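Worksheet: one structure, shown below.
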Amino acid sequence: MAREFSKVGVIGLGTMGAGIVEVFARNGIDVVAVEVDEAAVERGRGVLEHSTGRAVSRGKLSEQDQAALHSRVQFTASLDDLAECQLVVEAVPEQLELKKELFGKLDTIVGPEAVLATNTSSLSVTEIAVATGNPKRVVGMHFFNPAPVLQFVEVIRTVVTEDEVFEDVKALAIRLGKQPVIVGDKAGFIANALLFGYLNHAVSMFESRYASREDIDAAMRLGCGYPMGPLALMDLIGLDTAYEILDTMYKQGRDRLHAPSPVIKQMVSAGLKGRKSGRGFYTYAEPGSSQVV
Ligand code: 3HC
Numbered sequence: 001m002a003r004e005f006s007k008v009g010v011i012g013l014g015t016m017g018a019g020i021v022e023v024f025a026r027n028g029i030d031v032v033a034v035e036v037d038e039a040a041v042e043r044g045r046g047v048l049e050h051s052t053g054r055a056v057s058r059g060k061l062s063e064q065d066q067a068a069l070h071s072r073v074q075f076t077a078s079l080d081d082l083a084e085c086q087l088v089v090e091a092v093p094e095q096l097e098l099k100k101e102l103f104g105k106l107d108t109i110v111g112p113e114a115v116l117a118t119n120t121s122s123l124s125v126t127e128i129a130v131a132t133g134n135p136k137r138v139v140g141m142h143f144f145n146p147a148p149v150l151q152f153v154e155v156i157r158t159v160v161t162e163d164e165v166f167e168d169v170k171a172l173a174i175r176l177g178k179q180p181v182i183v184g185d186k187a188g189f190i191a192n193a194l195l196f197g198y199l200n201h202a203v204s205m206f207e208s209r210y211a212s213r214e215d216i217d218a219a220m221r222l223g224c225g226y227p228m229g230p231l232a233l234m235d236l237i238g239l240d241t242a243y244e245i246l247d248t249m250y251k252q253g254r255d256r257l258h259a260p261s262p263v264i265k266q267m268v269s270a271g272l273k274g275r276k277s278g279r280g281f282y283t284y285a286e287p288g289s290s291q292v293v
């Protein structure tokens, strides 16, 4: 019988994690939202409030539905609160050792039927899975940023993922209003494998002063009909995240398309991480804002 998924956990309430919490809660699912400490919990709560507040001000969500959505989310700094969850989605930073350690702990906290999913963008789901005592119940569940808006989820099956596990996660993605695809465990899966060579190329064009950031972005937005230009998209994804993804893909495939353009690392070191820090290729009204100044 298919799993029900009435209570799920999300670990990590950064750009992706907070969006994933919103997706579940909007669809009537109770969520345990976990961060590393109280300060990070409050930041995550702030991201969720900002996003649902925006939906209310645009007339897309009633205040009553907003209150109901928030009442479904339990914020906590303790992993032990995940004990009753039928699914846990991990969305912590893209560091393999961190994820492996976390999955090892989760294995002992949740029940034996619970599914463990990682939202990793490019790391090996298999390596994360084998950090648990039961790799059969581990999948990738890769959302796209902004998660509440984009209607696509990659479900990554490893060579040991049980069929029922990825079928149940696929059915859940449909229930969340997303189109799921099942994909194998290769760095970048489908979308990032195609996207990041292009983004990296745009950054090198900018770095070599071949064209201005506005012109590079206009070329793809106006000339090719993309919803946003590549440098604006880098800012949305976060330059630190983009660097980790490129670096992982480069190390796995040795395709120079993915050798991270040096300026990305320099910008990250200087704190220019994109929208989340208020400045990346563009400067924003405040950290987290989409308004370019
Ligand atoms: N969170 C929640 N909702 C958001 C949002 C956010 N961060 N940003 C925009 N929205 C909502 C708006 O509220 C609005 O909703 P409404 O239509 O119900 O009122 C809708 O999205 C459209 O927003 P805007 O009118 O402000 O702006 P746009 O029409 O330009 O859309 C966009 C903004 C959705 C970000 C669009 O530009 C877009 O799709 N850009 C491309 C994003 C993309 O390629 N993402 C994939 C990145 S790769 C990835 O995520 C993989 C990972 O592993 C790195």
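Quick note on numbering: the UniProt record's numbering labels position 185 of the sequence shown as 185, and the sequence is numbered without any gaps. Positions of the beta carbon are idealized from the N, C-alpha and C atoms, including for glycine. Quick caveat: nothing in here was measured; it's all calculated off a predicted structure.
* Asked: Per DSSP, what kind of secondary structure is residue 152 in: helix, strand or coil?
  -> To locate residue 152, count along the sequence shown from 1; it is residue 152. The answer is strand: DSSP assigns residue 152 an E or B state.
* Just confirm the distance between the C-beta atoms of residue 13 and residue 44, as a whole number of angstroms; I'd bet it's less than 8 Å. => Within the sequence shown, numbered from 1, the residue matching residue 13 stands at position 13. Within the sequence shown, numbered from 1, the residue matching residue 44 stands at position 44. Their Cβ separation, rounded to whole angstroms, is 3 Å, which keeps residue 13 and residue 44 in contact under 8 Å.
* Asked: In this structure, what does DSSP give as the bridge partners for residue 142?
  -> Numbered from its first residue, the sequence shown carries residue 142 at position 142. According to DSSP, which records beta bridges pairwise, residue 142 is partnered with 154.
* Roughly how many angstroms lie between the CA atoms of residue 235 and residue 114, to the nearest whole one? -> The count along the sequence shown starts at 1 and reaches residue 235 at position 235. The count along the sequence shown starts at 1 and reaches residue 114 at position 114. Roughly 35 Å separates the two Cα atoms.
* Asked: Rounded to the nearest angstrom, how far is the Cβ of residue 282 from that of residue 232, given a contact under 8 Å?
  -> Counted from its first residue, the sequence shown places residue 282 at position 282. Counted from its first residue, the sequence shown places residue 232 at position 232. That belief holds up - the Cβ atoms of residue 282 and residue 232 are roughly 7 Å apart, short of 8 Å.
* **Sheet register partners of residue 36 (DSSP bridge)** => As a position in the sequence shown, residue 36 is number 36, starting the count at 1. DSSP lists no partner for residue 36.
* Measuring CA to CA, which of 187, 106, 169, 185 is closest to residue 294? -> Residue 294 lies beyond the residue range present for the chain, which begins at 1 and ends at 293; the question has no answer from this structure.
* Asked: When burial is assigned at 16 or more other CB atoms within 10 Å of the CB, is residue 17 buried or exposed?
  -> Residue mapping note: residue 17 aligns to position 17 of the sequence shown, counting from 1. Result: buried.
* Regarding residue 230 and the ligand 3HC, is the C-beta to nearest heavy atom distance less than 7 Å? -> Here residue 230 is taken as the residue at index 230 of the sequence shown, counted from 1. No, the ligand 3HC has no heavy atom inside 7 Å of this Cβ.
* Does DSSP put residue 245 in a helix, a strand or coil? -> Within the sequence shown, residue 245 is the residue found at index 245, counting from 1. If DSSP states are grouped into helix, strand and coil, residue 245 belongs with the helices.
* **residue 146 beta carbon near the ligand 3HC (any heavy atom closer than 7 Å)** => Within the sequence shown, numbered from 1, the residue matching residue 146 stands at position 146. Checking the Cβ of residue 146 against the ligand 3HC gives yes.
* To do: Please indicate yes or no: does the CB of residue 195 lie closer than 7 Å to some heavy atom of the ligand 3HC?
  => Your numbering for residue 195 matches position 195 in the sequence shown. Residue 195 Cβ: within cutoff of the ligand 3HC.
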